[in-house]
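Number of protein chains: 2
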Amino acid sequence: MPESSEPATPGFVLPLLLFASFRTMIDRLHAELAEQGHPDVRPAHGFALQAIGLDGATASEIGRRLGISKQAAGKTVDRLAAMGYVARVDDAEDGRRKLIRLTPRGIDVLARSALIFDELHAEWASTIGERRLADMETALRSVVPTDGFRLDVPGWLGT
Amino acid sequence: MPESSEPATPGFVLPLLLFASFRTMIDRLHAELAEQGHPDVRPAHGFALQAIGLDGATASEIGRRLGISKQAAGKTVDRLAAMGYVARVDDAEDGRRKLIRLTPRGIDVLARSALIFDELHAEWASTIGERRLADMETALRSVVPTDGFRLDVPGWLGT
DNA sequence: TAAACTCGACAACATGGTTGACGAAACAGT
DNA sequence: ACTGTTTCGTCAACCATGTTGTCGAGTTTA
């Protein structure tokens, strides 16, 4: 058969490469974080902490940002609070709301994550070339729906 | 400060792009599969079916291929069997083993997945250019550890 | 003031993982 | 040929992360 009817690489390879590289980055991030005093943070927690941000957020808002239910967000907040990364503070203006705020430890892990990601990015740039890496990012942007990132990484696989 | 000390894009953007594009592909795959008579297959199932393959495999072997415990593999096989995608058959030569085999329905979903992935690959090639896509795959290969793909997508985020 | 909405919490459940235990079958060494 | 070790599948208990439904309390709106 003519080779033009078959792609040079089977189509299923690309998603595997995308996932493997994503996973490689996240694994290296958490290996670094573990060495820097945050051994218990899991990938899922990182996304939740990002969703909370320096300004804090309510559980319902976190759920909206992550694309999960407010109940699920509340449970994740419970675990983060138990680990000392966030704290609930009552809202004086709205008796229903409880604002989730990052503790200094939570801020620390976010700051370290940003640094580590920059280092990993620089490492990849030197491996595959700054130009090619930038081109890859551009290419990926053009195939990803533009309506903002949805951060609901976990759970999306199940149910 | 000089802009050279700051990457053009913050480092955390790249992993988000990688995940978003992986997710986009998988979501589109399953949207297509749902239309083609497989509405109940979830991403996690797809990986397990791939691990089983046309030759079949035992639960322990599936666990090894996916990087999960044989017990977890057994539970996933239970669900796949309940949905009619696989069947357990006793091994005549080894009384301990039970070979997991794809049913015709299981083979069908694998075949359709391969086709859909090829279509998606072609679509991306026409969007971002065949050359650039091939270059991207090459670049990704060079930053992903070479020791084979680990397919344990679910669960890796948790625990 | 009354109705409607939003918030956080509780309960019950599904799914995809984990570890530990255990009997049955196969294998390896004396 | 027996015995000890390994492997296979399964059961049980548990954890993490989701889901839906419910509900009281507080806020907003008509």
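Chains G and E, in that order, give the protein sequences. Quick note: the first sequence uses my numbering, first residue 2, plus one each step. Quick note: the second sequence uses my numbering, first residue 2, plus one each step. Even glycine gets a Cβ: it sits at the ideal position worked out from N, Cα and C.
Residues of the region 15-36 of chain E that bring their beta carbon within less than 9 Å of a beta carbon in chain G comprise L15, P16, L17, L18, L19, F20, A21, S22, F23, R24, T25, M26, I27, D28 and L30, in sequence order. The CB of T128/G comes closer than 8 Å to the CB of S143 and V144 in chain E, given here in chain order. Judged by DSSP secondary structure, L100/E falls within the beta strand (DSSP E) whose first and last residues are K99 to L103. DSSP places T77/G within a helical segment (H, G or I) once states are collapsed to three. Contact with chain G is absent for R80/E, since none of that chain's Cβ atoms lies less than 8 Å from the residue's Cβ. For a cut-off of 8 Å, the C-beta gap from G12/E to L121/G is around 6 Å, short enough to register as a contact. Rounded to the nearest whole angstrom, the CA to CA distance from R65/G to I53/G is 11 Å.
Straight through space, the alpha carbons of V90/G and K99/G are spaced by roughly 6 Å. If the five residues before and after P40/G are omitted, its C-beta is found closer than 8 Å to the C-beta atoms of L34, all from its own chain and listed in chain order. The three-state reading of DSSP puts A88/G in strand, counting E and B together. Burial is judged here by how many other beta carbons sit within 10 angstroms of a residue's own beta carbon; S114/E has at least 16 and is buried.
Setting aside the 5 residues that flank it on each side, A60/E is surrounded in the same chain by K71, A74, G75 and V78, each with a C-beta closer than 6 Å to its C-beta; the list follows chain order. Taking a contact to require three or more Cβ pairs closer than 8 Å, the region 124-144 of chain G and the region 123-133 of chain E qualify as touching.
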